[in-house]
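In the working numbering, the protein residues as written are 942 to 1451. Every residue gets a Cβ at the ideal spot worked out from N, C-alpha and C, and that includes glycine. What you are looking at is a predicted structure, and each value in this text was computed from that prediction instead of being measured.
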Amino acid sequence: MRVAQNVDPTVASFVAEAKDDLPGVEVVVETQRKYTTGSLFAHILGYTGPVSGAELPDLRDKGYLPDDLIGRAGVEATYEQQLRGTYGLQAVERDASGREIQVLRTEVQPVAGSSLELTIDSKIQEEAQKALAWGMRAANLKRGVIIVINPQNGEILAMVSAPSYDDNAFAGGISAANYKRLLNDPNKPLVNHAISDQYPPGSTYKLVAGTGTLSDGKITTQTLIRTAGYLTLGGFRFYDWNHAGFGVCNIICGFSHSSDTFFYQAAGKLGIDRLAYWAHHYGFGAPTRIDLPAEVGGIVPSNAWKQEVFGLPIYPGEVYHAGIGQGYDAVTPLQLLNAYASLANGGTVYRPHVVREVIGPDGTSTPVEPQVLGKVTATAAALRTMRKAARMVVVSHHTWNLIDVPLVIAGKTGTAEFGSPGPNGVLPFHNWFVSFVPKDPRPKKSDPNGLKAVQGTDSPLAVIVFSYNAGTLGNTATETVKYFYQLHFGIKKDYRNFWLMKKSYYRVGN
């Protein structure tokens, strides 16, 4: 039984020297994790903690002893069985006072735990952390997320959730007061907001209605839809974010301008259940099954879902709201990134993962193979059109000067309202920007707008930023992603718009 931990070396030395006078008491030297990067990888690595008395009855049969350490978060928890190893067993002779005289024999050899090689690229993780820290500081934000994924295999290259914590606070045993402080922090630093919280996706969700209407034959690339400043349904007005509308639009125009009235009508053509069908194809409404604990699954509304939850049918206006990601829909940042990663790779939905291989104590390696969760069974033409539309979001200047950055970036912005109106009558909102680049992201003279480049499915990099309760003049997530790309590709000129990061009741763009 452990009676003290992290004992001062002077005290430990005194106890060791007085062992003859303290039968049954011994000083044990234990290994302790040392996290040299502080909070940089906190939500990926996680932390360990002692086995509690309540847990011991269930864990004793698995070889755990009182006060053993066990993974509590991150890969420390997910890969606990691989990391922990097993105890050995010795027959020991002791005297009447319990003091050890000699080891008689070793009956079971101890087995060291395995090691893990992560998919995380430390350089990209540092770039992501630097970009997110700047964006949150510039916009005075309390929470944010940035994730970078390889669309070709689901490998997570970077994942930062802010605020965070220092793993070292747990390595030596965290005090009750400090743990309580972390638990009670309203911005939840112990929570990995990339996977453990879900939010309205806003206009990023227009990908679902766009893909669905094209694949179901409800529209073609030539179909023109009038986008007024609002639509009237059942006596209610459903407004576009741009109260002037965008005139007559096809799908690329509607998506690139993020026209709400275009996607109200697109969702209406599909209906809620076909909208849900295509959402599920992109992986929404279910956990991505990433190898990290505490992932939530999001919400995809359907007729059956609303009947089960509320005992009511879906109303036509709710279909409109679902089409623009402002209904019951809720996603995690990782789900949303994985959906756009599947768009970028041609329709394969991979299981995201942070461990590349498990290396046994004998040096044998067990790779974590890419795992396909499903396919977006849209037509190839529909997916090409949506990739082109995502590039046109940037080309049409709806991401301000992102088009000037010397990279072919495709993506979608999102402004997701939530909660209740403030004193000024304006709803608070989150910001999203989810993006990807082709394998060769440098612009070509033969393809000045990069529309040919994004028709390929070889993207090696997709990035998402989520800015919680942004409340800024412009899209803070877009500016943060822009800064990440500048850092990652070594672009010396700074294209950031600092003025867009100011707090404002009025916002420009969607």
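Applying the criterion that 16 or more other CB atoms from any shown protein chain within 10 Å of the CB defines a buried residue, is Phe1439 buried or exposed?
On the sequence shown, residue 1439 is found 498 positions in, with the first residue counted as 1. Phe1439 should be labelled exposed.
Identified DSSP bridge partners for Tyr1171
In the sequence shown, the residue the question calls residue 1171 occupies position 230. Answer by DSSP bridge pairing, in chain order: Tyr1180.
Simplified DSSP assignment, three categories, for Tyr1291
Numbered from its first residue, the sequence shown carries residue 1291 at position 350. Tyr1291 falls in the strand class under three-state DSSP.
Judging by CA-CA distance, which residue of Glu996, Pro998, Arg1040 and Leu986 is the nearest neighbour of Val1016?
Taking the sequence shown and counting its residues from 1, one reaches residue 1016 at position 75. Of Glu996, Pro998, Arg1040 and Leu986, the residue nearest in Cα terms is Leu986.
To test your reading of the DSSP string, which unbroken alpha helix (DSSP H) runs of 4 or more residues are found completely within the stretch 1070-1116?
Runs found: 1109-1112.
Residues near Ala1319 in its chain [Cβ-Cβ closer than 6 angstroms; skip 5 each side]
Counting from one through the sequence shown, the residue named residue 1319 turns up at place 378. The answer, listed in chain order, is Thr1152 and Ser1156.
Any idea if Ile1042 is buried or exposed, counting beta-carbon neighbours within 10 angstroms, 16 or more meaning buried?
Along the sequence shown, read from residue 1 onward, the residue named residue 1042 stands at position 101. Classification of Ile1042: exposed, given that the 10 Å Cβ count is below 16.
Cα-Cα separation between Phe1187 and Ala1169, rounded to whole angstroms:
By 1-based counting over the sequence shown, the position of residue 1187 is 246. By 1-based counting over the sequence shown, the position of residue 1169 is 228. Distance from the CA atom of Phe1187 to the CA atom of Ala1169, rounded to whole angstroms, is 7 angstroms.
Please work out which residues of its chain come closer than 8 angstroms, Cβ to Cβ, to Gln1050, disregarding the five sequence neighbours upstream and downstream, and give them in chain order.
Counting from 1 along the sequence shown, the entry for residue 1050 is found at position 109. Excluding residues up to 5 positions away in sequence, Gly1029 lie with their Cβ nearer than 8 angstroms to the Cβ of Gln1050 in the same chain.
Could I get the ranges of all uninterrupted alpha helix (DSSP H) runs contained in the stretch 1187-1255, with 4 residues as the minimum, in chain order?
As far as the stretch 1187-1255 is concerned, its whole alpha helix (DSSP H) runs of at least 4 residues are 1192-1197, 1201-1211, 1213-1222 and 1244-1251.
With DSSP collapsed to three states, give me the class of Ala1403.
Counting from 1 along the sequence shown, the entry for residue 1403 is found at position 462. For Ala1403, the three-state secondary structure derived from DSSP is strand.
Assigned secondary structure, Leu1057 (DSSP; H/G/I helix, E/B strand, else coil):
Within the sequence shown, numbered from 1, the residue matching residue 1057 stands at position 116. In this structure, Leu1057 counts as strand in the three-state DSSP scheme.
What residues in its chain sit with their C-beta under 8 angstroms from that of Ala1074, if we drop five residues either side in the sequence?
Along the sequence shown, one-based indexing puts residue 1074 at 133. The beta carbon of Ala1074 is closer than 8 angstroms to those of Ala1103 in its chain, skipping five residues each way along the sequence.
Quick check on the burial criterion: 16 or more other C-beta atoms within 10 angstroms. Buried or exposed for Ser1243?
For this step, residue 1243 is matched to residue 302 along the sequence shown. Buried.
So the candidates are Asp1381, Val1299 and Ile1231; which of them puts its Cα closest to the Cα of Leu1348?
Indexing the sequence shown from 1 puts residue 1348 at position 407. Closest option to Leu1348, judged by alpha-carbon separation, among Asp1381, Val1299 and Ile1231: Asp1381.
Restricting to runs no shorter than 4 residues, where is the alpha helix (DSSP H) found entirely within the stretch 984-1044?
You should have 997-1000, 1015-1019 and 1021-1025.
With H, G and I counted as helix, E and B as strand and the rest as coil, what does DSSP make of Lys1129?
For the purposes of this step, residue 1129 is identified with residue 188 of the sequence shown, where counting begins at 1. The answer is coil: DSSP assigns Lys1129 none of H, G, I, E or B.
Who are the Cβ neighbours of Leu1082 in its own chain at under 6 angstroms, not counting the five residues just before and after it?
Working through the sequence shown from its first residue, we reach residue 1082 at position 141. Closer than 6 angstroms at Cβ, skipping near neighbours: Ser1408.
Rounded separation between Asp1107 and Ala1118 - CA only:
As a working mapping, residue 1107 is identified with position 166 in the sequence shown. As a working mapping, residue 1118 is identified with position 177 in the sequence shown. Rounded to the nearest whole angstrom, the CA to CA distance from Asp1107 to Ala1118 is 15 angstroms.
With 9 angstroms set as the bound, which would you pick, yes or no: does the beta-carbon of Pro1382 sit closer than that to a beta-carbon of chain B?
Protein chains in the displayed structure number just one, and chain B is not present.
Should the stretch 1306-1315 be regarded as contacting the stretch 1328-1343, the criterion being three or more beta carbon pairs within less than 8 angstroms?
In short, these stretches do not touch, since the Cβ pair count stays below three.
Those runs of the beta strand (DSSP E) which lie wholly inside the stretch 1390-1442 and span at least 3 residues
Listed in chain order, they are 1402-1408.
List the residues that DSSP assigns as beta-bridge partners of Ala1330.
One-based indexing of the sequence shown puts residue 1330 at position 389. DSSP lists no partner for Ala1330.
Proximity of Ala1351 and Val1395 at Cβ, strictly below 9 angstroms:
In the sequence shown, residue 1351 corresponds to position 410, counting from 1. In the sequence shown, residue 1395 corresponds to position 454, counting from 1. Yes, the pair counts as a contact, with Cβ atoms nearer than the cut-off.
To the nearest angstrom, how far is it from the Cα of Gly1287 to the Cα of Pro1379?
Walking along the sequence shown from the start, residue 1287 turns up at place 346. Walking along the sequence shown from the start, residue 1379 turns up at place 438. Each residue's alpha carbon lies about 12 angstroms from the other.
CA-CA distance, Pro1092 and Val1295?
Within the sequence shown, the letter at position 151 stands for residue 1092. Within the sequence shown, the letter at position 354 stands for residue 1295. In a straight line, the C-alpha of Pro1092 is about 13 angstroms away from that of Val1295.
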